[in-house]
Amino acid sequence: MSTRITNDMVIGSTLADINSAQAAMDRSQSELSSGKSLLEPSDNPVGASQQIALQSTLDGLTTYEKAANDGAAWLQTASASLSNVGEVTQRVRELVLQAANGVNSQSDLNDIAQEIEQLTETVKQDANVQYAGQYVFSGTATNTPPYEQGASDAYAGNAGTILRTVGPGVSVQVNAALSSVLGEGQAANDGKLLDTLRTITENLHTGTPAALHAVGGEDLAKLDTNLGSLTSLEADVGAATDQLKTAESRIQSLQSTTATQLSNVQDANFAQVSIEFSNQQAAYDAALRAGASIVQEKSLLEFLQ
Amino acid sequence: MSIPTLQGLQTALSGLLAEQQAIDVTGQNIANANTEGYSRQVATLQTNEPMRIAALSPTNGEGGQLGTGVSVATYTRIRNSYLDAQYRTQNAELGSATTQANELQQAQGVFDEPSSAGIASQLSTFWSAWGELANAPSSEAAKVAVVSAGTQLADTLNEVSSQLQTIRGQAAQQYTTITGPSGEVQGDAAQVAALNQQIKLSLQAKQQPNDLEDRRDLLLDKLSELANVTVVKEADGTDTVSFGDAGEPLVEGSQVNWPQALTAAAGGKLGALLELSGPGGALANYQTALDGVAASLAESVNALHTTTPFFTGTTAATIAVAVKPSEVQTSGNGSFGGNEVAQAIANLRGGTAEQRYASLIAQVGSDVQSANSDEANSQAVVSAINEQRQSVSGVSLDEEMTNLITFQRGYQASARALTSMDEMLGTLIEHTGTAGM
Chain A
0 MSTRITNDMV IGSTLADINS AQAAMDRSQS ELSSGKSLLE PSDNPVGASQ QIALQSTLDG
60 LTTYEKAAND GAAWLQTASA SLSNVGEVTQ RVRELVLQAA NGVNSQSDLN DIAQEIEQLT
120 ETVKQDANVQ YAGQYVFSGT ATNTPPYEQG ASDAYAGNAG TILRTVGPGV SVQVNAALSS
180 VLGEGQAAND GKLLDTLRTI TENLHTGTPA ALHAVGGEDL AKLDTNLGSL TSLEADVGAA
240 TDQLKTAESR IQSLQSTTAT QLSNVQDANF AQVSIEFSNQ QAAYDAALRA GASIVQEKSL
300 LEFLQ
Chain B
0 MSIPTLQGLQ TALSGLLAEQ QAIDVTGQNI ANANTEGYSR QVATLQTNEP MRIAALSPTN
60 GEGGQLGTGV SVATYTRIRN SYLDAQYRTQ NAELGSATTQ ANELQQAQGV FDEPSSAGIA
120 SQLSTFWSAW GELANAPSSE AAKVAVVSAG TQLADTLNEV SSQLQTIRGQ AAQQYTTITG
180 PSGEVQGDAA QVAALNQQIK LSLQAKQQPN DLEDRRDLLL DKLSELANVT VVKEADGTDT
240 VSFGDAGEPL VEGSQVNWPQ ALTAAAGGKL GALLELSGPG GALANYQTAL DGVAASLAES
300 VNALHTTTPF FTGTTAATIA VAVKPSEVQT SGNGSFGGNE VAQAIANLRG GTAEQRYASL
360 IAQVGSDVQS ANSDEANSQA VVSAINEQRQ SVSGVSLDEE MTNLITFQRG YQASARALTS
420 MDEMLGTLIE HTGTAGM
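Chains as they are written, first to last, in numbering that gives the first Met the number 0: chain A, 0 to 304; chain B, 0 to 436.
This is the structure we're talking about:
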């Protein structure tokens with residue numbers, strides 16, 4: 000039996016075809032205007048969960064990048080300050096050699112001692128340097144200046160470390176333990192830089208041959224030891240800076256990879272969608288034309304007299 | 000025995016009447032070409048009981064039967080009840096799939112992913128805020144940013160949870176409305192019962208109740224969208240209607256058994272509404288999963304934020320930030336510049352809370368996707384069956400026009416036959432002798 004075709008069937012299927020052509024066009028239109036192919040989780044459920052993970056990874060990389068930049072700036076401050084301390088210590092060394100070897104009157108020695116006292120204050124000033132309102136050599140007590148100006152050489156900071164996380168499980172220490180080079184002065188008798196500087200000043204004021212001998216001998220040796228520690232601290236800071244730079248370039252390359260992956264998951268392929276859209280427009284147009292002629296089709300009625 | 004003289008007139012008359020009735024049926028079909036649920040009717044013509052003519056002569060004559068014209072035997076309603084049953088089964092599937100798709104799409108809309116307002120983005124912002132705080136642990140502004148990102152995240156969790164609850168509530172409300180005393184089920188069932196009664200009486204009076212049956216079938220089609228409908232045709236012409244998984248038939252003769260309890264197994268829109276609003280339904284599962292996200296967020300952050308819990312509440316509906324900016328902890332020993340706590344919390348990015356949320360979104364997405372494709376499939380099947388039904392029962396205007404001409408010609412021919420008879424009789428009466436004149 001051949002299928003009977005009734006008027007309702009023709010009109011119903013024409014309408015359904017026009018609707019589906021319009022729905023396809025609407026979808027492409029949304030993709031083109033938003034630039035996204037992932038508009039709702041149901042468009043691509045797996046992609047939607049990947050999108051969440053990738054977007055979070057990308058945001059996380061931005062956090063790492065900021066931490067690396069911030070850490071580098073912190074280290075730069077520390078590094079400048081350490082090299083100042085180094086220069087000052089070198090100057091002290093020259094003065095010590097001058098005092099120990101030359102023929103100096105007590106007043107000359109007193110002048111040298113006074114200069115070394117001033118240089119000691121300079122060292123403490125350099126130790127009190129701040130980055131963004133935080134004392135960089137106070138451990139984690141960043142609101143406390145590590146050393147007071149004046150006679151007291153006590154270290155007011157703590158031994159805490161400050162880290163910057165620059166990758167999953169990758170942390171870099173950004174605060175240098177300058178107090179391990181400077182020490183706590185004569186009160187502690189720890190042989191560190193401040194103790195040594197104070198002892199040198201004291202010996203110069205004393206001015207006896209024995210005292211001058213000590214200046215040129217054990218004091219100079221201690222000064223050299225302290226210079227050595229300072230240099231190795233500077234090297235540590237330099238190494239940390241390098242580590243941050245490496246991390247930063249790694250973060251940047253990860254950012255571009257992740258952004259590409261994210262784009263693959265969520266962005267519309269404009270060329271493809273545009274072509275699809277043109278096709279859908281043509282199909283819609285055809286459906287409308289066909290529909291119009293079918294619905295207005297001449298029936299037998301018009302041929303009957 | 001000879002043939003009655005006026006028999007030919009009677010035969011022609013029967014032709015006139017039958018063709019006229021057939022034209023009436025065609026007119027009815029054309030008038031209802033666009034009536035929802037109408038089945039085309041056909042006037043079935045049948046020859047009348049023949050006149051028996053006894054054998055005239057023992058030698059050459061066998062007896063004969065002379066035709067006495069035509070009459071309409073039945074007005075048949077062209078309908079395939081097998082297709083009706085199929086249509087109703089699939090229509091229940093479609094009702095269920097459409098409801099599922101609508102409700103789940105609403106739920107998907109509540110999550111608002113992917114967007115900058117969604118939970119995923121807020122969670123990411125929250126971790127970033129802790130990362131910023133780790134760079135500047137003593138910064139009051141960074142602490143304010145952490146608390147505000149946390150508050151926004153908690154608020155969004157609260158809101159999504161409450162909106163999911165609202166959708167569940169609306170589904171339950173919809174069920175109550177449809178099944179209530181003035182709802183569709185009660186109303187349609189009452190009409191079916193009334194039609195059952197009318198049809199039974201019509202059949203008893205030997206009248207074919209075609210149009211009443213059409214109206215009853217249309218009502219059953221509508222009921223089948225709400226739940227699975229099974230129809231048993233009784234001998235007296237009434238339909239016994241089983242509805243969903245209700246214990247008693249919804250309609251039995253002229254009696255309606257409603258309200259009755261249904262479960263999610265009822266199928267159709269009502270089954271889907273019960274499933275969605277129920278405790279084990281998709282929406283409840285989303286709420287549970289969201290509670291899991293909130294719980295692991297609160298737990299993981301609080302485990303590191305040891306001075307005082309950062310979050311209170313362990314469900315999506317109750318989670319809230321419990322600290323002021325000044326109470327935000329950045330380091331374990333409370334030192335001014337320490338940042339290890341802030342760093343540890345920032346490192347929670349990509350952890351359990353985020354993974355749970357991502358898999359929840361994947362779940363929602365694939366649920367909506369499969370509900371949409373179920374709906375499209377059911378729609379296609381229902382359309383196909385409906386086309387078949389239309390092909391059988393629908394009115395084709397071309398066909399009706401053809402019938403109209405056929406019957407009109409038949410009517411004209413019968414009239415011509417009548418005229419010929421009349422002329423023959425006239426000849427007989429006017430021109431044979433003058434007796435009686």
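Where a beta carbon is used, it is the ideal one built from N, C-alpha and C, also for glycine.
Met400(B) belongs to the set of residues whose beta carbon lies under 8 angstroms from a beta carbon in chain A. Taking a contact to require three or more Cβ pairs closer than 8 angstroms, the segment 354-365 of chain B and the segment 45-52 of chain A qualify as touching. Given a length threshold of 4 residues, each whole run of the alpha helix (DSSP H) inside the segment 171-222 of chain B is given here in chain order: 183-203.
Within the same chain, Cβ atoms closer than 7 angstroms to the Cβ of Asn90(B) are found at Asp220, Ser223, Glu224 and Val381, the five residues on either side in sequence being excluded. Three or more Cβ pairs closer than 8 angstroms define a contact, and the segment 157-170 of chain B meets that threshold against the segment 102-112 of chain B.
Secondary structure of Ile344(B) (DSSP, three-state): helix. Just measuring C-alpha positions, the residue of Asn225(A), Ala286(A) and Arg197(A) sitting nearest Ser151(A) is Arg197(A). Arg348(B) sits close to Gly59(A), with the two beta carbons spaced by under 8 angstroms. Secondary structure of Gly364(B) (DSSP, three-state): helix. For the pair Ala193(B) and Ser253(B), the Cα-to-Cα distance works out to about 6 angstroms. The alpha carbon of Asp216(B) has as its nearest neighbour, out of Glu298(B), Gly432(B) and Gln85(B), the alpha carbon of Gln85(B).
Under the DSSP assignment, Arg76(B) falls in the beta strand (DSSP E) whose first and last residues are Val69 to Arg76.
Ala140(A) is not a Cβ neighbour of Gly108(B), given a cutoff of 8 angstroms. The beta carbon of Val294(A) does not come within 8 angstroms of any beta carbon belonging to chain B, so the residue lies off that interface.
Judged by beta-carbon spacing, Asn157(A) lies beyond the 8 angstroms limit of Lys191(A), meaning their Cβ atoms are not closer than that value. Listed in chain order, the alpha helix (DSSP H) runs fully inside the segment 249-303 of chain A are 269-294, counting runs of at least 4 residues. If you check each beta-carbon in the segment 7-19 of chain A against every beta-carbon of chain B, the ones closer than 8 angstroms belong to Asp7, Met8, Gly11, Ser12 and Ala15.
Bridge pairing for Arg51(B): Gln64(B) [DSSP]. In this structure the segment 33-46 of chain B lies against the segment 61-70 of chain B, because at least three pairs of beta carbons, one per stretch, are closer than 8 angstroms.
Close CB contacts of Thr240(A) within its chain, under the 8 angstroms cut and outside five residues either way in sequence, are with Ala71, Leu74, Gln75 and Ser78 (chain order). Between the segment 306-320 of chain B and the segment 105-120 of chain A, the count of Cβ pairs shorter than 8 angstroms is below three; the stretches do not touch. In the same chain as Lys244(A), and ignoring 5 residues on each side of it, no C-beta atom comes closer than 6 angstroms to its own. Look at Asp152(A) here: in three-state DSSP terms it is coil, with no helix or strand label. The beta-carbon of Ser248(A) is placed no less than 8 angstroms from the nearest beta-carbon of chain B. Cα atoms of Arg163(A) and Ala155(A): separation of roughly 23 angstroms, rounded to the nearest angstrom.
Under DSSP, Ala91(B) takes part in no beta bridge, so it has no partner. Contacts with chain B (Cβ-Cβ distance below 9 angstroms) from the segment 22-40 of chain A involve Lys35, Leu37, Leu38, Glu39 and Pro40, listed in chain order.
Annotated as proximal: Leu37(A) and Val264(A), with beta-carbon spacing under 8 angstroms. CA-to-CA, the gap between Thr237(B) and Gly179(B) works out to about 25 angstroms. The three-state reading of DSSP puts Val145(B) in helix, counting H, G and I together. Residue contact check for Gly336(B) against chain A: a CB pair falls below 8 angstroms. In this model, Gln151(B) and Thr257(A) are separated by some 26 angstroms (Cα to Cα).
In the three-state reduction of the DSSP assignment, Asp110(A) falls in the helix class.
Bounds of the beta strand (DSSP E) holding Ala42(B) are Gln40 to Thr46.
Residue-level contact by beta carbon holds for Gln368(B) and chain A, with a gap shorter than 8 angstroms.
The three-state secondary structure of Leu273(B), taken from DSSP, is helix.
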